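The sequence shown lines up with residues 1 to 200 when you count with the UniProt record's numbering. Just below is one structure, and these are the notes that go with it.
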Amino acid sequence: MWTQWGLDGPDGALYNRTSSGWFDSITFLYWFTNIIIPWASQLKGTKLVIGDKLSSHLNPDVLDLCEAHEIRFVFLPSRSTQIAKPLDVAFFGPLKKSWREILSTYKIENPNQTTLNKSHFPLLLKKIMDSANTNTENVKSGKETEMYPFNPYQIYNKLPEFEEEIKYDADQSVLHYLKETKQPNPIKRGKNSNLNVPPG
1 MWTQWGLDGP
11 DGALYNRTSS
21 GWFDSITFLY
31 WFTNIIIPWA
41 SQLKGTKLVI
51 GDKLSSHLNP
61 DVLDLCEAHE
71 IRFVFLPSRS
81 TQIAKPLDVA
91 FFGPLKKSWR
101 EILSTYKIEN
111 PNQTTLNKSH
121 FPLLLKKIMD
131 SANTNTENVK
141 SGKETEMYPF
151 NPYQIYNKLP
161 EFEEEIKYDA
171 DQSVLHYLKE
181 TKQPNPIKRG
191 KNSNLNVPPG
């Protein structure tokens, strides 16, 4: 971890890293302990957490925490992302679109950057989180995926019956891109130094 990796990010954000760059059971436990447990501790009775059926989620320590805090951890079926997963339907879908737009702007404003600089990531993350309407959309997502009220049969209505027509507007896109690249606005940062973080 480096000092600038967490600067100018969203309020209350937690940062971690893995050698592979993929979310693993250790980082999931860190997230679960620091995000889910404080939330669950404020509520009485049984709580429900819905997650992907990933190996990183199948952590004995997480299951022990679930039992201790009256949390029921429900795994959704594999390969049901586009239909059954509420956050993918109402939150991450629009979020991915906004993220692409933010990255396109970043590339235009920072033409000398061949990749996304890690010290710039928190600032871009804050931009996308500020634009996301999390609470309203999360509630809507439960209805769109028939999670609440529960209706497993309505999911069949979401299966595609025909391929949607694809429309291209290449001329306007190219003109817009060329106009934007004439005015780069690179992000400037100070000196970066190493943080002393114990492993794990």
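Where is the CB? At the ideal position from N, CA and C, for every residue including glycine. Just so we're clear, the structure is a prediction, and the values are computed from it rather than from any experiment.
Query	Result
Straight-line gap, S119 to I71 (C-alpha atoms, nearest Å)	36 Å
Segment contact flag, the segment 16 to 25 with the segment 49 to 62, C-beta cutoff 8 Å, min 3 pairs	yes
Within 9 Å, strictly: CB atoms of P94 and A13	no
Distance between I102 and I108 (C-alpha atoms, nearest Å)	10 Å
Q4 classed as buried or exposed, judged by whether at least 16 other C-beta atoms fall within 10 angstroms	buried
Sheet register partners of M48 (DSSP bridge)	Before going further, note that residue 48 is Leu rather than Met in the sequence given. The partner list for L48 (beta bridge, DSSP) reads R72.
Where V62 falls, given that 16 or more other Cβ within 10 Å makes a residue buried	buried
Cβ separation of K188 and D8, assumed to be a contact under 8 Å, to the nearest whole Å	Not quite, the Cβ-Cβ distance comes to about 12 Å (not below 8 Å), so this is no contact.
D64 versus F75: straight-line alpha-carbon distance, rounded	16 Å
Which listed residue (M129, R100 and S193) has its alpha carbon closest to that of D11	M129
Minimum C-alpha distance to Y106 - residue among F92, L124, K97 and G51	L124
Three-state secondary structure assigned by DSSP to N112	coil
Closest Cα partner of P77 within the set G51, F28 and K44	G51
Buried or exposed (CB count within 10 angstroms, at least 16 for buried), G190	exposed
Through-space distance from W2 to S193, alpha-carbon basis	6 Å
Buried or exposed by the 16-neighbour rule on C-beta atoms within 10 Å, applied to I35	exposed
Residue from K97, P199, F92 and H69 whose Cα sits closest to the Cα of I37	H69
Short Cβ contact (9 Å threshold) for S131 with S98	yes
Range covered by the alpha helix (DSSP H) that runs through S131	F121 to S131
Residue range of the alpha helix (DSSP H) that includes P38	I37 to S41
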